[in-house]
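A short write-up of the structure that comes next.
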Amino acid sequence: MTRITPFSISTDWAGLTLPLFACVVPAGFPSPADDHLDAPLNLHELLFAHPASTFLARVTGDSMNGAGIRHNDIIAVDRALEAADGCIVVAVLDGEHTVKRLRREGTQTWLEPENPRYPIIRLNEGSELIIFGVVTHVIHAFREKRSRVLGQVNNLRRRA
Amino acid sequence: MFALVDCNNFYVSCERVFQPRYEGVPVVVLSNNDGCLISRSDEAKALGLKMGDAFHLVKPTLLEHSVKVFSSNYALYGDMSRRVVRVLCDFAPEVEVYSIDEAFLNLGGMRYWAPEGLEDYAGRIRETVKQHVGIPTAVGVAPTKVLAKMANRLARKRTEQERVWVLGNDAQRLEALERTAVEDIWGIGHRYARKLHEQNICTAAALAAKPRAWVRQHLGGVVGERLWYELHGQACLELEARLPDDEATLGPRATHRQSAACTRSFTRPIADEQKLREAVATFAARAAEKLRAEGLAAHLLTVLLGTDRFSPKPGPSTFSTTIALPSATNDTGQLTHYALGALKRLRRAGTCYTRAGVVCAGLEPEGRVQLGLFEAPEARQKSKQLMEALDTLNKRFGRAKVRYAAAGTKPLSWQGRCDYVSPQFTTNWEQLWRIGDDASRKV
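First to last, the sequence lines map onto chains A and B. Every letter in the first sequence is one number past the one before it in full-length UniProt numbering, and letter 76, counting from 1, is 76. Every letter in the second sequence is one number past the one before it in full-length UniProt numbering, and letter 384, counting from 1, is 384.
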């Protein structure tokens, strides 16, 4: 059998006092910079005018050295931009992508490398050049980024 | 008006964006573990290759016609899907991401924005997606979602340059109904299709011609009635505006997610208990990770086991059991614990399983979880910290680098093949898309 014992609740709860604030109220001097806070700079805003249509690619080779695109640099390629004469573009040649300067004059279209050791690529009259997108930025690293963990692993390997 | 934008052969198209040499040649993409064909280029379709064909069975055909084969690369497809949706958002105030390669757009009230007419507007959507992301699409436009889906089917059958189909007036709507078989109506499953065919109702037009009361009686009550209205051009299904969060996630917005799941087919059948435990623990960990990524916790946990679907033996091929968790959680340890408990109940000794999976449902935001009666709040805090540490480590050093021992000591030892996978061109610094100089071009 279960016994249930009722107990009464005090009726003088009205006398209970509650603290005004349950949380800490800081009372120091407010930072003078508070009114001037801005979001930190976001590199994306600079690189990606069109985030949906911008792709990053790593460039191998030296055919665009003269334009400041070196081996192993990362380029931002925007597909939303129109490829005009003089733009650096990623184009499709024989089923492969390539970075070159686009030149258009009248009905003539050709691709110019920025390295004298590479030939100019002329397009046959009537053949259509497929352009992936326009190169908007290049990211060039002056120092190799080294992964800390991988570096340690390599050090251990060397010692062993 | 609604538009349904559907990416053509989406996975194949994604691969081609970065590897243009596979333009114009037959290409297929395989499912997880290289099981079967899940995406085919038009050229591959022309060879008679079907959706869902088992890879090992069609291998000779693939070799004979030098079909290019890819394993699925969901990191790439997910990123490309996000880009497509982002472009679509510029075309309509409301976008519902229906699946990885389909989205509904609400074009209601777009008359002033699209003065050139819906046909041209739909064409502009296609061209922009193709130009900006590189993915070809088909667009169906109609007054209801069911009709938009129908229009999209018709658009897909057109040649690549003109994949747009608009049901702008009654004559166009009736023509589309005539051209659509009942089994191809969105929302009509195999069973209803067979039933309708038995009654000599073979086209959407024949179904729409039936009285509303008949449809209500024979096609699942109010659901069938809604379908009937939709076929008649009266919208009953609203757009569920599901937009991806701006930069953060790929999937539908967290609050709309109904479940987080991880299921896989095995390359070869598994009967061994230890191996099944490892697989289920791995799936539970992955599902838990998905929950945490969206700040959700689950009340229900389902474990699935599947046997060979094509086996001559009678009986069902999928077995599942669902557990109500004592309190909603997204803790890998807890979910693994309950998943393994469920597995123990589910598994029959000596049976070979070809698939397994873990589904977490009954989702709610993790901050709003009601604590269990016997649960110490500190334990929850500790679990949260532990999971954060786990996710941070795995994000930095690769998926499942740090895991519960239940998931196996050898990395993903149960996991099968992905022999033909392309690099994660857009989501991984190490595998970033590369553009090179063809050495032979040098003077």
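Every residue, glycine too, gets a C-beta built ideally from N, C-alpha and C. This one's a predicted model, so the numbers in the text were calculated from it and none came from an experiment.
Interface annotation for the segment 23-53 of chain B against chain A: Glu23, criterion Cβ-Cβ distance under 8 Å. Think of a sphere of 9 Å around the beta carbon of Leu432(B): the chain A residues whose beta carbon falls inside it are Leu56, Ala57, Arg58, Ile74, in chain order. Shown here for Val84(B): same chain residues with a beta carbon closer than 7 Å to its own, the five before and five after excluded, namely Cys7, Val129, Val133, Ile135 in chain order.
By the neighbour-count definition (other C-beta atoms within 10 Å, threshold 16), Thr137(B) is a buried residue. Here the C-alpha atom of Gly66(A) lies approximately 60 Å from the C-alpha atom of Leu301(B). Shown here, Glu23(B) sits in coil according to DSSP, grouped into three states, outside any helix or strand. Nearest in C-alpha terms to His218(B), of all of Thr332(B), Glu378(B), Arg434(B), His197(B), is His197(B).
Within the segment 66-135 of chain B, the runs of alpha helix (DSSP H) at least 4 residues long that lie entirely inside it are, in chain order, 74-88, 118-133. The three-state secondary structure of Val134(A), taken from DSSP, is strand.
In this structure, Leu76(B) and Ala92(B) do not form a Cβ contact; the two beta carbons are roughly 26 Å apart against a cut-off of 8 Å. Against Ala52(A), the close residues of chain B are Arg83, Arg86, Val87, His132, Val133, in the order they occur along the chain (beta-carbon pairs closer than 7 Å).
Note: Asp78(A) is bridge-paired with Thr54(A), Val134(A) in the DSSP secondary-structure output. Following the DSSP letters along the chain, one finds Val182(B) in no alpha helix (DSSP H), marked with neither H nor E.
Sequence-distant partners of Ala49(A) (beyond 5 residues in either direction) whose C-beta falls short of 6 Å from its own C-beta are missing from its chain. Among the residues of chain B, those whose CB is under 7 Å from the CB of Gly61(A) are Gly436, Asp437, following chain order.
Between Asn169(B) and the set Arg194(B), Gln234(B), Gln199(B), the nearest pair of CA atoms involves Gln234(B). Residue contact with chain A for Arg163(B): absent (no Cβ-Cβ distance below 9 Å to any residue of chain A). Going by beta carbons, Tyr192(B) and Ile270(B) fall outside the 9 Å limit. Ranking Val164(B), Arg380(B), Tyr229(B), Gly108(B) by CA distance to the CA of Leu239(B) puts Gly108(B) first. Secondary structure of Thr426(B) (DSSP, three-state): coil.
If you draw a 10 Å sphere on the C-beta of Arg21(B), you find fewer than 16 other C-beta atoms in it, and that means exposed. Secondary structure of Glu278(B) (DSSP, three-state): helix. Here Asp437(B) is buried: its Cβ has 16 or more other Cβ atoms, across all protein chains shown, within 10 Å. At a C-beta separation below 7 Å, Pro211(B) has no neighbours in chain A, since its nearest C-beta there lies roughly 47 Å away. If you check the CB distance, Leu363(B) and Ser259(B) come in under 9 Å. Membership of Thr302(B) in the beta strand (DSSP E) is indicated by the continuous run 296-306. Here Arg355(B) really is in contact with Thr263(B); their C-beta atoms are around 7 Å apart, less than 8 Å.
Beta-carbon to beta-carbon, Phe29(A) and Val90(A) are separated by about 55 Å, too far to satisfy the 8 Å threshold.
Nearest to Tyr11(B) by C-alpha distance, out of Ser327(B), Ser72(B), Ala407(B), is Ser72(B).
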